Each structure stands twice: as C-alpha cells, then as structure tokens.
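Q:
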Amino acid sequence: MGTIVYDADCGFCTVCAQWLARHGACTVQPWQALDLAAAGLTEAEASEAVRWLDDAGRATASGAEAISLALRTCGIAYRLPGWLIWLAPVRPLARVVYRVVARHRHRLPGGTAACRLDAPR
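Start counting the sequence shown at 12; every next residue gets the next number (the numbering used here).
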C-alpha cells in the first residue's frame with residue numbers, strides 16, 4: 012500500500028502522521044527510524060519534505076504528491092482531495108501550499124522550534 016515518511020522531530024508533522032495512521036491504510040514511519048539509503052534518500056531530503064515510499068520501499072514522491080498518495084489510502088471523504096491534488100491543473104497550487112505549510116510548520120498547532128526547516132539536526 013505504500014509508506015508515508017515524516018519528520019518525528021516536528022510536533023506538527025507527528026500530529027499529522029498520527030491522524031494518517033488512524034485514517035489511512037498506508038504505513039506511517041518517521042524518517043529517523045528508516046534505512047534512508049535503502050529508500051534512496053539522504054537525511055537532508057527526508058527532513059526537507061514528507062516522502063512516499065512505494066511497496067518496494069523506494070522513495071517515489073515528496074511534498075504535495077506524497078500527501079496526495081497518502082490521502083488516497085484513506086476513506087472516501089479524504090480520497091477525493093487526494094485525487095484532486097494529483098490533477099495537473101491543481102498540482103502546482105498544491106505544491107505552493109505544501110511549501111508554505113512546511114516553511115511555517117513551527118508556527119502551526121503542535122509545532123515547536125525543532126519543526127523549523129532550518130533547525131539544526
């Protein structure tokens with residue numbers, strides 16, 4: 012079904028991952044507990060954006076596209092937005108929204124200073 016990989020050092024990301032674990036059918040795993048080399052990822056890539064791993068465990072999508080794939084494993088109410096994000100006319104806007112949320116995740120509910128993208132690792 013695939014795996015969504017998130018930053019466990021980020022409280023906002025962890026809250027979102029917990030929601031997905033309850034509502035989705037995909038595996039939810041922090042990048043800190045992942046064999047990054049086997050997934051074809053570096054630590055910098057994994058900490059920069061949420062990642063989607065295919066059934067073989069290889070990274071195939073990131074950011075808004077990864078969110079789209081994860082939402083498509085959820086119930087019908089969330090599957091539809093997942094498909095909409097994937098559509099060519101919507102995808103550029105979804106990427107912008109993802110980048111804005113990622114840049115400001117330390118200010119969102121559950122966010123801490125560790126959530127900052129420029130936080131030391």
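We put the beta carbon where it would ideally sit given N, CA and C, even for glycine.
Please read all numbers here as calculations on a predicted model, not as lab measurements.
By DSSP's criteria, leucine 64 is part of a beta bridge. Which residues make up the other side?
A: BP columns for leucine 64 point to Thr14, Ala70.
Q: Within 10 angstroms of the Cβ of glutamate 54, are there 16 or more other Cβ atoms? Answer buried if so, exposed if not.
A: Glutamate 54 comes out exposed.
Q: Going straight from the alpha carbon of proline 103 to that of valine 26, what length do you get?
A: Roughly 25 Å between the two C-alpha positions.
Q: Below 8 Å, how does it come out for the segment 96-113 and the segment 73-81: are there three or more Cβ pairs, yes or no?
A: At 8 Å Cβ cutoff, the stretches touch.
Q: Would you tell me roughly how many angstroms separate the C-alpha atoms of alanine 49 and leucine 31, rounded to the nearest one?
A: Approximately 23 Å, taken between the alpha carbons.
Q: Are the segment 55-75 and the segment 84-91 in contact at 8 Å, needing three or more beta carbon pairs?
A: Verdict: no, contact absent.
Q: When the distance is taken between beta carbons, is alanine 28 closer than 8 Å to valine 39?
A: Cβ distance < 8 Å, so valine 39 and alanine 28 count as in contact.
Q: Threonine 38 bridges to which residues according to DSSP?
A: Looking at the DSSP assignment, threonine 38 forms a beta bridge with Thr14.
Q: If you follow the alpha helix (DSSP H) that valine 107 is in, where does it begin and where does it stop?
A: 102-114 is the span of the alpha helix (DSSP H), which, as asked, contains valine 107.
Q: Does the Cβ of alanine 113 have 16 or more other Cβ atoms within 10 Å, making it buried, or fewer, making it exposed?
A: Flag for alanine 113 reads buried.
Q: On the premise that proline 41 lies in contact with aspartate 18, defined as a C-beta separation below 8 Å, what is that separation, rounded to the nearest angstrom?
A: Indeed they touch by this definition, with Cβ atoms about 7 Å apart.
Q: Going by other Cβ atoms of all chains shown within 10 Å of its Cβ, with 16 needed for buried, is threonine 123 buried or exposed?
A: Counting Cβ neighbours within 10 Å, threonine 123 comes out exposed, since fewer than 16 surround it.
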